[in-house]
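Numbering (the working numbering), first residue to last: 5 to 105.
Data first, discussion second: the structure below is written as structure tokens.
Put into structure tokens, the structure is as follows:
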């Protein structure tokens, strides 16, 4: 059995810091906002409170509990899913992804 061990990490990466995911989302939004003719939004999907904390600046947060359900994440969003199928159906219903033919 292989057991992974973290020896070190890149401290220059925003996600290595507290609120780093917010910083990454803000950067993505600023890069995408150049074309005013297109409506651009950022949707964060996650299973932890640091994911939820990235909204705002993200436009929406979808909580995911496919592996573990965290009550704090459930409370952070009205959109919480226990499977990818549930989330996929929701995103189709909202028109964010195309229906399969």
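Heads up, the beta-carbon is just placed ideally off N, CA and C, and yes, glycines get one too.
Remember, predicted model here, so these are calculated numbers, not experimental data.
Inset, instruction - Would you check if the region 78-86 and the region 54-69 touch, i.e. whether three or more CB-CB distances between them fall below 8 Å? - result: yes
Legend entry - Alpha-carbon spacing of residue 59 relative to residue 9, whole angstroms: Here the C-alpha atom of residue 59 lies approximately 31 Å from the C-alpha atom of residue 9.
Legend entry - Cα-Cα separation, residue 101 to residue 92: 8 Å
Inset, instruction - Out of 64, 52, 21 and 90, state which residue places its alpha-carbon closest to the alpha-carbon of residue 74. - result: Nearest neighbour of residue 74 by Cα position, chosen from 64, 52, 21 and 90, turns out to be 52.
Inset, instruction - Pull up the DSSP beta-bridge partners for residue 64, would you. - result: In the DSSP output, where bridge partners are listed per residue, residue 64 has 47.
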